[in-house]
Structure formats: structure tokens, C-alpha cells
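Structure first, commentary second.
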Amino acid sequence: MPLQNTNPITTKAWQELEKHFLEIKNISMQEMFQEDNNRAEKFHIKWEDFLVDYSKNRINQSTINLLLDLANEVGLKDAIEYYFTGKKINKTEDRSVLHTALRANKNDIALVDGEDVISEIFEVKNKIKLFSENIINGNKKGFSGKSFTDIVNIGIGGSDLGPTMAVEALQFYKNHLNVHFISNIDGDHVAETIKKLNPETTLFVIVSKTFTTQETLTNSETIKDWFLKFATKEDIAKHFVAVSTNIKNATDFGIDNDNIFPMWDWVGGRFSLWSSVGLTISLAVGFDNFDKLLCGANKMDNHFRNTPFDKNTPIILALLSVWYNNFFGSESEAIIPYTQYLQKFAPYLQQAVMESNGKSVDRNGNRVNYQTGTIIWGEPGSNSQHAFFQLIHQGTKLIPTDFIGFIKPLYDDKEHHDMLMSNFFAQTEALLHGKTKAQVNTELEKQGLSKEKSDFLLPFKIFEGNKPTNTILIKVLTPETLGALIAMYEHKIFVQGVIWNIFSYDQWGVELGKQLASSILEEINTTNVKNHDASTSFLLGFFIKNSH
Ligand code: F6P
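Each residue of the sequence shown is one higher than the last, beginning at 711 in this note's numbering.
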């Protein structure tokens, strides 16, 4: 069954939302809170170790009801079932979208073309488990008989961002292995990483779903050349493993068949950290922790699949995001985790969200006449407060922001954690209330400034407030809660793609640049600049002249 094909703006709910928007757009959240003291009670969801408070949004109960109507009108319930049961919802690539099967239980069923893939998934998980354990406990050794000390993940996009983010996020659970990531084709990055490595004790994990990606293949060849300065060709089998759907290309590269960890075309790159792409995560934190990550994601999958829409965290977050994107005209959303461990979470979500929903053609092949994918950005708090928060507080743009915080820190430093969390709560409160003219006046009076000076300063010190935030408060950062958090955002992406009537699981937009880069590379090599626009020809000419 294909996904329902409905232009969202033609739905009754959308038209009602447009009317409702006109009624509500000038009512401030401050007024909403004054009117209804029960907002936090009404607009929050408690689920497992998560508390999601969405009361600090420019909504009332009618907004939520209408957004839920919209979800129903576009056939979200059926769409969720198609997603989980392996229907080919990635139509432009004729594929199922089944990253959820990777974290399913042994006795679940996940069908691809009528075949249950669960046992295959568990075979690969077992291979990951055995391999990780043998590397971690030193049973598997390098070519000179020494145990491994360093792991290098070579991959880009989904073959890098997920593992990098998760290894960083789970640093507290890490073992003795040093983990490095090489993604960029930038040779300086490769050279800087190599400087830290001993070929005798380093394991290279080449991660590429297609095994055709220029960056990953070039970086792998460069690393292999470096490795062969110290070792023989036969030693490659001990030091290089691959994660790929393309067994032939991986074998041609010289990887031993036993060292190839398969993945499947029904797993999108940006949703692949749950597959063998997570091998580096399993090496870094041990298979048990990797499995707990999967388990947390599976719990979120069940919550998403089985909970009524009004108590369903990914659905509520997705609907709020549609509300701001399509009615308030917000262009971006900020993600602010109050933990340094999640410093790579926003970059990770950038690919997941923007590669998925950065589409302008609907499922009929027509150009959409409404906005789709949001721009995602962010950095951990409290750092970001001292960087870009000024614009969120007093700039001209409306930037809905997710605040992600944890009740307990991982090390027991209560003093630091309470300070961190006081910032967390203070920011959402400040964004809600702002600072009124009267408050600023009182403040200025207290400072005993002249009237002239006070009048001058007054407008600059007023904060409008009324800036929407979601507060996602989690008990503690563990592999399980991280898994659930990632899965929550994955499902938010899915819901938004369903509403916007777009295909979220292809990424044709990244192809053009790749094609042009390969012909430009040839022109650089031959110093023969062909037909380009005047700007590109001028720039290429300048580069060739000065670099050769
Ligand atoms: O940038 C496009 C893309 O195809 C991503 O979707 C993907 O995660 C990345 O390239 C890497 O691809 P591969 O794993 O095939 O090397």
C-alpha cells in the first residue's frame, strides 16, 4: 500500500488551522499562562524516563485538536503501520524503510518483500558482538601480535555522524580503546589523524553503505597506502573491516570476506547507526551498551506505534514544528542539549532532518505550495547562551527551541549540575516571559541613572518574550535514554514527511554536487577548464594557476 497522497493545505484541518492562527497569533504565551494555570498539567507527556513539557508554546487546546485532526486527515495512523511493516514507502528508490527492525525483538516480525528479516538482523548483531568482544578483550591481535588500542571509523554522512555522535554521547560508558573518525576528503584531516596512530595496534572500520563514496574510498586508500609502509598485504585482513551492502566493492578493496559486516538497502544512511554502521559504537562502549541503545530506541518505537496521538511524544513534537513552520513562518529550530556529551547531537540531526525533509516536490511529483523541512542547528547549553542566544531572545526571527536536560549528571557533581540546570530552566522561563517595560524601568531606577540615560537604555533592555520552547527532561544519559531520544526525533521526521506529503527517505539533492565535483576534478588535473559560468571559470582558473 502506498502512503496516502494528500496535499496538506487542502485538508479541512489546515483551513481551520489558518483561521485559528489568525485568532491566536497575537495572543502572547504570558497571557495564555495567566488565563490558564493548568497549562503545564495539560501540555506535557510523561513517558518512561522522559518528561516532555510543551506548555511553553503558542498554542491552546484548540490548536492541538486541529493539529491532531490534520494528522488524522493525512492518514498518519496507516502511514505508521506501513512504516513499521516494511511497505515500500521510499517509493523513488522502491525500498522499505525499516531501521526500526534493527532494534526489534527476536520474536518480532519485519517483512521485506514478504521475507522476515529479523533472524538475519540477529545474525549480524551476533557477528558485531563477537567481533567487538574479541577486539576489546585483546583476543584478536594486530599483525605484530599486539592487542588493538585504536579504532578509526572511516565514513561520511550517515556512515559517520551517527557513530561519532553516539560515541561522544556515551563517553562515560567507554572502554580503553581510542576511537577516531575520518570523514572529510580533506587530506589535512587524514594526516592529522594518522599522526596519532600506530599501524601495529590500529583497526580501521570502513563504513560505506554503497562502497562508492568518493571521500570514504579515497581516505581508505590513503590509509591503506600508509599502513602498507609498515605491513604486508596479508596483514590488511587483520586491520581492515568493512560495513557495507556492496560486498563486491569491499572485497575488491582487499577486505577479507569474514571482515565484512553486511547492512541492507532498506536502512537509510542517516538512520543506520542501529545496524553494523554502529560497529564502532559497539567497539567503543561494548556490545551490551550498544544493545541497550537499540533497546531504548525499540521502546520509543513501541510508544510511537501504540500510543494515542495526543500522548505521543514524536507526534506532538512534529505537529508543533509544523505549526511554527507552516503557520508562523519559522524557518529554523534550535536543539540545545544541556550536556556536553550531546555536543554532536545537533549536527547529527541536521543530516537526519534536512536530508530527509529538505524536499520541494510532493509525492505526486508536483512542486509543493507550502513550506517543508526546517533548518536545524544548535550547540550545548550553557555554552550557546554565551554565543547565539542573544538572537533567540531579542532578534527578529522566531526560533522554536528544544531544551534537552537530564535530572542527574553522570559524575556526582551536584554543585555543577544544579548550576547547569538552573540555566536550563532560566532560559526557557526568560524566553517565555521576557522582560517588560515596567520591569526594566524599575531596574533602571534602582541603578539611580539619570532620566535621560534611563530613557535611552529602556528599549534595548526590553525582552518581548513569547518565544516557544519544548522542555525534554530525561532522568539520566544512558545508552537506553540516548536510543529513545534519537528514535523520538527519527519519528518526528517521519510524521512531518507524512504531513508534508513528501518522500523523506531519498536524497537526490546531494547527487548534482557529486557529479560536478568529479568533472571539475578532471579539469583541475588536466588544467583544462571547460565551459562553466563566468564566476566558476574565473575561480577555477585562479585556483589552478596558484596551486600548480
Ligand atoms: O550525502 C549523501 C549520502 O548518500 C548520505 O545519505 C549517506 O549517509 C552518505 O552519503 C554516505 O554514503 P555511504 O554510506 O554509501 O558511503
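Idealized CB from N, CA, C, for every residue including glycine.
(message) By DSSP's criteria, H754 is part of a beta bridge. Which residues make up the other side?
(response) The residue you call residue 754 lines up with position 44 of the sequence shown. Partner(s): D763.
(request) Note down the Cα distance separating K835 from D896, rounded to an integer number of angstroms. (result) Here the question's residue 835 lines up with position 125 in the sequence shown. Here the question's residue 896 lines up with position 186 in the sequence shown. C-alpha separation (whole angstroms): 33 Å.
(request) May I have the straight-line CA-CA distance separating P718 from H1127, to the nearest angstrom? (result) Counted from its first residue, the sequence shown places residue 718 at position 8. Counted from its first residue, the sequence shown places residue 1127 at position 417. Going from the Cα of P718 to the Cα of H1127 covers about 44 Å.
(request) Could you tell me whether any non-hydrogen atom of the ligand F6P is closer than 7 Å to the CB of V1220? (result) Reading the sequence shown from its first residue, position 510 is the one you call residue 1220. Yes, the Cβ of V1220 comes within 7 Å of a heavy atom of the ligand F6P.
(request) Go to D1112, then tell me how far its beta strand (DSSP E) extends in each direction, as first and last residue. (result) Indexing the sequence shown from 1 puts residue 1112 at position 402. From DSSP, the beta strand (DSSP E) with D1112 extends over T1111 to F1116.
(request) Can you say whether M1010 is buried or exposed, counting buried as having 16 or more other CB atoms within 10 angstroms of its CB? (result) To locate residue 1010, count along the sequence shown from 1; it is residue 300. M1010 should be labelled buried.
(request) Compare the beta carbon distance of G1144 and E1174 with 8 Å and say whether it is the shorter of the two. (result) Position 434 of the sequence shown, counting from 1, holds the residue named residue 1144. Position 464 of the sequence shown, counting from 1, holds the residue named residue 1174. Contact flag set, yes.
(request) Reducing DSSP to helix, strand and coil, say where E741 ends up. (result) Locating residue 741 in the sequence shown gives position 31, counting from the first residue. Note: E741 maps to helix in three-state DSSP.
(request) Report yes if the CB atom of L880 is closer than 8 Å to the CB atom of I861, and no otherwise. (result) Position 170 of the sequence shown, counted from the start, is the residue given in the question as residue 880. Position 151 of the sequence shown, counted from the start, is the residue given in the question as residue 861. Cβ atoms of L880 and I861: not closer than 8 Å.
(request) Just list the beta strand (DSSP E) runs in the segment 835-900, keeping only unbroken ones of 3 residues or longer that don't cross its boundaries, in chain order. (result) 860-864 and 888-892
(message) So the candidates are F1166, L927, D966 and A952; which of them puts its Cα closest to the Cα of E944?
(response) Reading the sequence shown from its first residue, position 234 is the one you call residue 944. Taking only the C-alpha atoms, the option nearest E944 is D966.
(message) Would the segment 1176-1189 count as touching the segment 775-786 if we require 3 or more Cβ pairs under 8 Å?
(response) no
(request) Quickly, what does DSSP pair E1043 with across the bridge? List them, please. (result) Here residue 1043 refers to the residue found at position 333 when the sequence shown is read from its first residue. According to DSSP, E1043 bridges with I1086.
(message) Tell me which residue opens and which closes the alpha helix (DSSP H) that N782 is part of.
(response) Stepping through the sequence shown from its first residue, residue 782 is reached at position 72. Taken as a continuous stretch (DSSP letters only), the alpha helix (DSSP H) holding N782 covers Q771 to E783.
(request) Enumerate in chain order the residues of its own chain whose CB-to-CB distance from K1002 is below 6 Å, with the five nearest sequence positions on each side excluded. (result) The residue labelled residue 1002 in the question sits at position 292 within the sequence shown. Within the same chain, K1002 has close Cβ partners P1189 and E1190.
(request) Along the alpha helix (DSSP H) that carries I1184, what are the first and last residues, could you check? (result) Locating residue 1184 in the sequence shown gives position 474, counting from the first residue. Counting along the chain, I1184 falls outside any alpha helix (DSSP H), though it belongs to the beta strand (DSSP E) covering T1179 to I1184.
(message) Tell me whether the segment 1229-1248 and the segment 1041-1056 touch, counting them as touching only if at least three CB pairs, one residue from each stretch, are closer than 8 Å.
(response) no
(request) Whole angstroms is fine: what's the gap from W936's alpha carbon to P1018's? (result) For the purposes of this step, residue 936 is identified with residue 226 of the sequence shown, where counting begins at 1. For the purposes of this step, residue 1018 is identified with residue 308 of the sequence shown, where counting begins at 1. Looking at the two C-alpha atoms, the distance is approximately 56 Å.
(message) Quick check on T912 - is its C-beta less than 8 Å from some C-beta in chain C?
(response) The structure shown contains no chain C; it is built from a single protein chain.
(message) Going by DSSP in three states, L913 sits in which element: helix, strand or coil?
(response) As a working mapping, residue 913 is identified with position 203 in the sequence shown. Three-state DSSP puts L913 in a strand.
(request) List the endpoints of the continuous alpha helix (DSSP H) containing S1245. (result) The residue given as residue 1245 occupies position 535 in the sequence shown. Unbroken alpha helix (DSSP H) run through S1245: A1244 to S1257.
(request) Can you grab the Cα-Cα spacing for the pair N1241 / L1249, in whole Å? (result) Along the sequence shown, read from residue 1 onward, the residue named residue 1241 stands at position 531. Along the sequence shown, read from residue 1 onward, the residue named residue 1249 stands at position 539. Distance between the alpha carbons of N1241 and L1249 is about 13 Å.
(request) State the beta-bridge partners of N1008 as determined by DSSP. (result) Indexing the sequence shown from 1 puts residue 1008 at position 298. N1008 is not bridged to any residue.
(request) Classify Y1048 as buried or exposed, calling it buried when 16 or more other Cβ atoms lie within 10 Å of its own Cβ. (result) Locating residue 1048 in the sequence shown gives position 338, where the first residue counts as 1. By the neighbour-count rule (16 or more Cβ atoms within 10 Å), Y1048 is buried.
(request) Would you list the one or two residues that DSSP bridges to N800? (result) Here the question's residue 800 lines up with position 90 in the sequence shown. Looking at the DSSP assignment, N800 forms a beta bridge with R805.
(request) Evaluate the contact criterion for the segment 1115-1135 versus the segment 1079-1095: three or more CB pairs, one atom per stretch, below 8 Å. (result) yes
(message) Using DSSP's beta-bridge definition, name the partner residues of A952.
(response) As a first step, residue 952 is located in the sequence shown; it is residue number 242 there, counting from the start. Answer is I916 and I970.
(request) Decide if the segment 1202-1217 is in contact with the segment 801-820; the criterion is three or more beta carbon pairs, one per stretch, under 8 Å apart. (result) yes
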